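Working notes, structure below.
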Amino acid sequence: MLRAAGVGVGDEVIVPAFGNVEVSEAVTLAGARPVFADIDPVSYCLDASAVEAVVTPRTVAVVVVHRFGRPADVVRLHAVGQRHGILVLEQGESEAPYDEVAQRRQRAAYLDAKLKGVHTPDGGVGHTYQQYVVRVPGNGRPDRDAFAQALRARGVECRVPVKTPVHRLPAFRQCVSLPETERAAAETLALPVDGGLTKRDMQRIASACNALGGLLQPAL
112 MLRAAGVGVG DEVIVPAFGN VEVSEAVTLA GARPVFADID PVSYCLDASA
162 VEAVVTPRTV AVVVVHRFGR PADVVRLHAV GQRHGILVLE QGESEAPYDE
212 VAQRRQRAAY LDAKLKGVHT PDGGVGHTYQ QYVVRVPGNG RPDRDAFAQA
262 LRARGVECRV PVKTPVHRLP AFRQCVSLPE TERAAAETLA LPVDGGLTKR
312 DMQRIASACN ALGGLLQPAL
């Protein structure tokens, strides 16, 4: 996609650091330099204002990645592209059958209503919940990793969606300020909402999370 757009040596391409390294690798393979912009804390996708702040005369494109089943704010991002004459390329996620999406949304709605002590996702329009991502702030108490370990001990499968932001990986290390990216990497945890989960499974997930709610009380 980048090569077809004419991206090459000497160009800069704005990408998210919160997510898979493949996007940055693709920019490098095209001969260009990845430039990291911060994310919106609600959608976990590139923030349009943050993108605009890192545009330079060498910027030729921005790669927008839709994250966890929630679309990015492409209207604002395309507006930034038009103002600066840069391409806005979108990387979508694999689409699931309608029935599966409906089941995930149903299970996400159940967790939205039942979970306490964690910050549930803001669904937004068009969210397909490819991952149901909550936030587990540490507040001086056991943090996200401790919370995840305790959940797994209770038989709940959960995963850290982004363990290390790309700008902190050795091959792409940059000294940039990405506070929302750093915070999301430290706090996010994906809980299961697969279509195969039964009502009993969902009750067990909610009960296990809520039993750990004390971990999330503000430190005194």
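Under the working numbering, the first residue of the sequence shown carries the number 112, and numbering increases by one thereafter. Glycine residues also receive a C-beta, built at the ideal position from the N, C-alpha and C atoms. The model shown is predicted, which means the values in this text are computed figures rather than measured ones.
query = Helix, strand or coil: which one does DSSP assign to R270?
reply = Along the sequence shown, one-based indexing puts residue 270 at 159. In the structure shown, R270 sits in a strand (DSSP, three-state: E or B).
message = What does the alpha-carbon distance come out to for the pair R270 and A301?
response = Locating residue 270 in the sequence shown gives position 159, where the first residue counts as 1. Locating residue 301 in the sequence shown gives position 190, where the first residue counts as 1. Rounded to whole angstroms, R270 to A301 spans 5 Å at the Cα level.
message = Quick check on G306: does DSSP put it in helix, strand or coil?
response = Stepping through the sequence shown from its first residue, residue 306 is reached at position 195. Here G306 sits in coil by DSSP.
message = Taking the beta carbon of R284 as the centre, do at least 16 other beta carbons fall within 10 Å, making it buried, or is it exposed?
response = Mapped onto the sequence shown, residue 284 falls at position 173. Residue environment: R284 is assigned as exposed (fewer than 16 neighbouring CB atoms within 10 Å of its CB, all protein chains considered).
inquiry  = Tell me the residue span of the alpha helix (DSSP H) that contains V146.
reply    = Here residue 146 refers to the residue found at position 35 when the sequence shown is read from its first residue. Unbroken run through V146 is the beta strand (DSSP E), 144-148; no alpha helix (DSSP H).
request  = Starting from the Cα of R279, find the closest Cα among E123, G266, A296, V267 and give me that residue.
outcome  = Counting from one through the sequence shown, the residue named residue 279 turns up at place 168. Out of E123, G266, A296, V267, A296 has the C-alpha closest to the C-alpha of R279.
ask   = Cα separation between N131 and L289?
value = Residue 131 sits at position 20 when you count from the first residue of the sequence shown. Residue 289 sits at position 178 when you count from the first residue of the sequence shown. Answer to the nearest angstrom: the Cα atoms are 16 Å apart.
key: Collapsed DSSP secondary structure at Y95 in the structure displayed   = Nothing can be reported for residue 95: it is not among the residues displayed for the chain, which extend from 112 to 331.
task = Sort out for me which residues DSSP pairs P127 with in a bridge.
result = If you number the sequence shown from 1, residue 127 lands on position 16. Answer by DSSP bridge pairing, in chain order: A148.
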